[in-house]
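S.K.: One structure, as structure tokens, below. Some questions next.
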Amino acid sequence: MRKAAWFGLLFSAPLAAQQLVQYSDYQGPYALGYPVPTAVESLTPVAGFRSLASLHARHQSLYLQSPWVSGTLLGRSREDRPIWGYGVSDGDDLTATGQPEPAALLSGAVHAREWQSPEVVTGLLESLVAGASDAGLGQFLVENLHVVLVPLVNPDGLAHTQRYPAQVVSNGASFRDGRQRRKNLRDSDGVLETLDDYLSGVDLNRQFPPFWGGGSASPGAINHRGPGALSEPESQALVAAS
């Protein structure tokens with residue numbers, strides 16, 4: 002099917018009753034064309050994606066073992082999972098020339114289905130720790146910059162997508178929930194077979210003042226902004242890191 006025809010189908014097809022569908026490797030109507038990604042249990046980087054538990058364990062091990070890393074429990078998600086922030090610096094709040102040290106904040110897993118984002122933030126944490134005494138760029142950054150990392154902003158959503166790595170809910174025109182969940186789990190029981198709440202949740206990326214209101218007010222929208230600015234514990238935790 003040509004791209005134009007596909008996009009026409011995507012946006013003009015009538016909405017059907019939602020149903021569970023299964024991704025596959027190379028056969029069937031939902032074939033990805035490559036092996037279906039699954040989360041791997043590993044503390045160290047893999048040729049793919051680590052599980053939520055493995056990522057959290059990796060962050061905690063670096064925090065506990067490295068003198069350059071500080072850690073703070075910023076809050077807890079709707080399903081009571083911890084949301085941690087980590088700082089990487091030499092601890093003196095001054096650059097090598099005695100100036101106030103600037104700060105940089107990086108976050109991952111705001112959108113649950115984007116498994117690469119927590120890997121990127123985790124990779125930065127790993128690289129900063131590994132290079133803290135390299136007499137090169139790594140050491141320069143640690144000595145002259147306070148880096149704050151929040152790798153797992155939306156742990157509930159990420160856990161949900163990893164629980165259903167090959168399953169998704171389709172309504173005939175779009176794919177939501179399961180592996181394709183983007184939002185947090187507000188008003189969702191987290192069970193994929195419960196189809197009534199497949200559109201629920203808040204897009205945490207639309208939660209922040211002073212620009213709150215830019216997303217959709219509709220709870221079923223992919224970019225639903227929530228009932229108010231910072232209404233979600235996950236977005237509150239990210240603000241606490243700043």
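Take the sequence shown: its position 104, counted from the start at 1, is 105 in this note's numbering, and no numbers get skipped. Where a beta carbon is used, it is the ideal one built from N, C-alpha and C, also for glycine.
Could you give the distance in angstroms between the alpha-carbon of residue 103 and the alpha-carbon of residue 130?
M.R.: Looking at the two C-alpha atoms, the distance is approximately 18 Å.
S.K.: Can you check whether the CB of residue 168 is closer than 8 Å to the CB of residue 196?
M.R.: The answer is no: Cβ separation not under 8 Å.
S.K.: What is the DSSP secondary structure of residue 87, reduced to helix, strand or coil?
M.R.: Correct three-state label for residue 87: strand.
S.K.: Going by C-alpha distance, which of 144, 35 and 224 is nearest residue 93?
M.R.: Cα-wise, what sits closest to residue 93 is 144.
S.K.: Are residue 19 and residue 172 close, meaning C-beta to C-beta below 8 Å?
M.R.: Yes, Cβ-Cβ distance for residue 19 and residue 172 is below 8 Å.
S.K.: Between which residues of its own chain and residue 225 is the CB-CB distance below 8 Å, once the five residues before and five after are set aside?
M.R.: The answer, listed in chain order, is 184, 202, 203, 204, 207, 216, 217, 218 and 219.
S.K.: Along the chain, which unbroken stretches of the beta strand (DSSP E) at least 3 residues long are found entirely within the stretch 96-129?
M.R.: Whole beta strand (DSSP E) segments, 3+ residues: 104-108.
S.K.: Residue 212: which of 231, 161 and 116 sits nearest, CA to CA?
M.R.: Cα-wise, what sits closest to residue 212 is 231.
S.K.: What separation, rounded to the nearest whole angstrom, lies between the Cα atoms of residue 96 and residue 68?
M.R.: Going by the C-alpha atoms only, they are around 18 Å apart.
S.K.: DSSP on residue 149, reduced to helix/strand/coil?
M.R.: Correct three-state label for residue 149: strand.
S.K.: With a Cβ-Cβ cutoff of 8 Å, do residue 86 and residue 148 count as a contact?
M.R.: No, Cβ-Cβ distance for residue 86 and residue 148 is not below 8 Å.
S.K.: Are the stretch 110-118 and the stretch 156-166 in contact at 8 Å, needing three or more beta carbon pairs?
M.R.: Taking 8 Å as the limit for Cβ pairs, the verdict is that the stretch 156-166 does touch the stretch 110-118.
S.K.: In the DSSP assignment, what residue or residues form a beta bridge with residue 60?
M.R.: Answer is none; residue 60 lacks a bridge partner.
S.K.: When DSSP labels each residue in this structure, what does residue 66 get in the three-state scheme?
M.R.: If DSSP states are grouped into helix, strand and coil, residue 66 belongs with the helices.
S.K.: In terms of DSSP beta bridges, what is residue 20 paired with?
M.R.: Per DSSP, 171.
S.K.: Are the Cβ atoms of residue 40 and residue 166 separated by less than 8 Å?
M.R.: A contact, by the Cβ cut-off of 8 Å.
S.K.: Quick one, are the C-beta atoms of residue 125 and residue 106 less than 8 Å apart?
M.R.: Not closer than 8 Å, so no.
S.K.: Measure the alpha-carbon distance for residue 62 versus residue 191 and round it to whole angstroms.
M.R.: Their Cα atoms are separated by approximately 29 Å.
S.K.: Please classify residue 229 as buried or exposed, where buried requires at least 16 neighbouring CB atoms within 10 angstroms.
M.R.: By the 10 Å Cβ count, residue 229 comes out exposed.
S.K.: Using 10 angstroms around the beta-carbon of residue 134, count the other beta-carbons present and answer buried if the total reaches 16, otherwise exposed.
M.R.: Exposed.
S.K.: Does DSSP put residue 5 in a helix, a strand or coil?
M.R.: Reliability fails at residue 5, whose pLDDT of 38 lies under 50, so the model's placement of it is uncertain and no value is given.
S.K.: Can you grab the Cα-Cα spacing for the pair residue 1 / residue 27, in whole Å?
M.R.: The shown model of the chain, from 2 to 243, leaves out residue 1, and the question about it has no answer.
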